[in-house]
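Numbering (my numbering), first residue to last: 83 to 366.
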């Protein structure tokens with residue numbers, strides 16, 4: 083996650099050879115189109131959210147990240163960003179060799195258990211720890227952007243963050259969404275399938291709409307309607323940026339028969355009308 087890949091990057095991201103990298107998440111990332119291609123990085127990738135949510139797919143499972151959570155994806159583990167909304171925080175990547183050169187010995191690094199796992203690890207922080215982590219990441223970004231950065235200082239602050247995360251390693255339970263919720267989200271963000279109604283999703287999963295809604299709300303904090311709206315907006319952004327389809331044609335693909343209603347819904351979520359969005363962010 084050392085970069086939020088654009089779709090045209092292909093199915094395997096170009097490896098980032100930097101031993102350490104970091105960037106802030108801000109509104110500029112909202113203009114990218116998702117899902118991203120599957121990425122395999124040669125570094126450990128991390129993300130920490132102070133706001134928003136990211137849905138990541140890794141080896142057939144969905145991981146939902148929310149406020150005050152940190153995710154570490156080990157090197158070479160494939161992942162794709164399926165959904166990204168209103169995010170603030172930090173993303174980056176690092177080699178173990180970066181942490182182990184000069185300041186910390188391998189014994190100290192091995193004490194950080196989350197660096198030993200071969201699957202993604204999500205760490206939910208308490209509010210006070212999230213505030214401290216945010217402050218440390220802010221200082222890391224400032225130092226990283228210096229012309230003559232102090233790598234030893236960055237290593238110390240990064241190890242402090244990893245030590246905090248290590249006390250909250252969540253390798254079971256709510257790392258992955260529940261099976262039923264996971265199946266729903268995989269259907270919802272599968273671009274080869276049309277957006278469906280709530281009863282249609284429930285019917286395909288052989289449960290009642292009420293049961294599906296309760297399960298998804300419990301696992302993610304959001305209703306079926308909210309997730310379907312997110313999928314509609316993500317798909318619409320892609321079609322606006324990558325095709326010449328009219329707004330009416332895109333609305334129809336989203337199962338919305340009234341283009342005016344589609345325009346209002348799109349503007350409510352993005353602050354742009356569909357045509358404004360295409361003009362500002364579409365392929366030139």
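Even glycine gets a Cβ: it sits at the ideal position worked out from N, Cα and C.
Going by beta-carbon coordinates alone, are residue i and residue j separated by less than 9 Å?
i, j, result
"residue 277", "residue 328", "no"
"residue 152", "residue 138", "no"
"residue 171", "residue 133", "yes"
"residue 246", "residue 221", "no"
"residue 244", "residue 197", "yes"
"residue 178", "residue 191", "yes"
"residue 237", "residue 180", "yes"
"residue 136", "residue 166", "yes"
"residue 363", "residue 355", "no"
"residue 234", "residue 184", "yes"
For residue i and residue j, which I take to be in contact (beta-carbon distance under 8 Å), what is that distance rounded to the nearest angstrom?
i, j, result
"residue 297", "residue 262", "5 Å"
"residue 306", "residue 360", "Not quite, the Cβ-Cβ distance comes to about 28 Å (not below 8 Å), so this is no contact."
"residue 271", "residue 119", "The Cβ separation is near 14 Å, so there is no contact."
"residue 291", "residue 284", "4 Å"
"residue 209", "residue 248", "Incorrect: roughly 18 Å between the Cβ atoms, too far for contact."
"residue 251", "residue 195", "6 Å"
Have a look at the options and flag the residue whose alpha-carbon is nearest the alpha-carbon of residue i.
i, options, result
"residue 123", "299, 325, 102", "102"
"residue 193", "155, 242, 204", "242"
"residue 108", "197, 119, 169", "169"
"residue 325", "365, 287, 348", "365"
"residue 351", "233, 273, 308", "308"
"residue 338", "310, 225, 217", "310"
"residue 376", "227, 228, 230, 223", "For the chain, the structure presents residues 83 to 366; residue 376 sits outside this window and is missing."
"residue 199", "250, 155, 100", "155"
"residue 143", "195, 269, 287", "269"
"residue 140", "287, 226, 203, 217", "203"
"residue 121", "216, 131, 157, 186", "157"
"residue 216", "358, 131, 100", "131"
Taking one C-beta from the segment 343-355 and one from the segment 315-335 each time, how about it: are there three or more such pairs within less than 8 Å?
yes
Do the segment 148-168 and the segment 125-137 touch if we need at least three Cβ pairs shorter than 8 Å?
yes
Residue ranges of each alpha helix (DSSP H) run of no fewer than 4 residues wholly in the segment 153-204, ordered along the chain?
With a minimum length of 4 residues, the continuous alpha helix (DSSP H) runs that stay inside the segment 153-204 are 178-181, 188-192.
Count the CB pairs spanning the segment 262-281 and the segment 305-324 that are closer than 8 Å, and state whether there are at least three.
As far as the Cβ criterion goes, the segment 262-281 touches the segment 305-324, which means the pair count is three or higher.
Suppose only complete runs of 4+ residues qualify. What are the alpha helix (DSSP H) ranges in the segment 263-338, listed by chain order?
280-286, 291-302, 306-324, 329-335
What are the complete beta strand (DSSP E) segments, minimum 3 residues, inside the segment 210-261?
none
Ignoring anything shorter than 4 residues or poking outside the segment 98-146, list the alpha helix (DSSP H) runs there in chain order.
none
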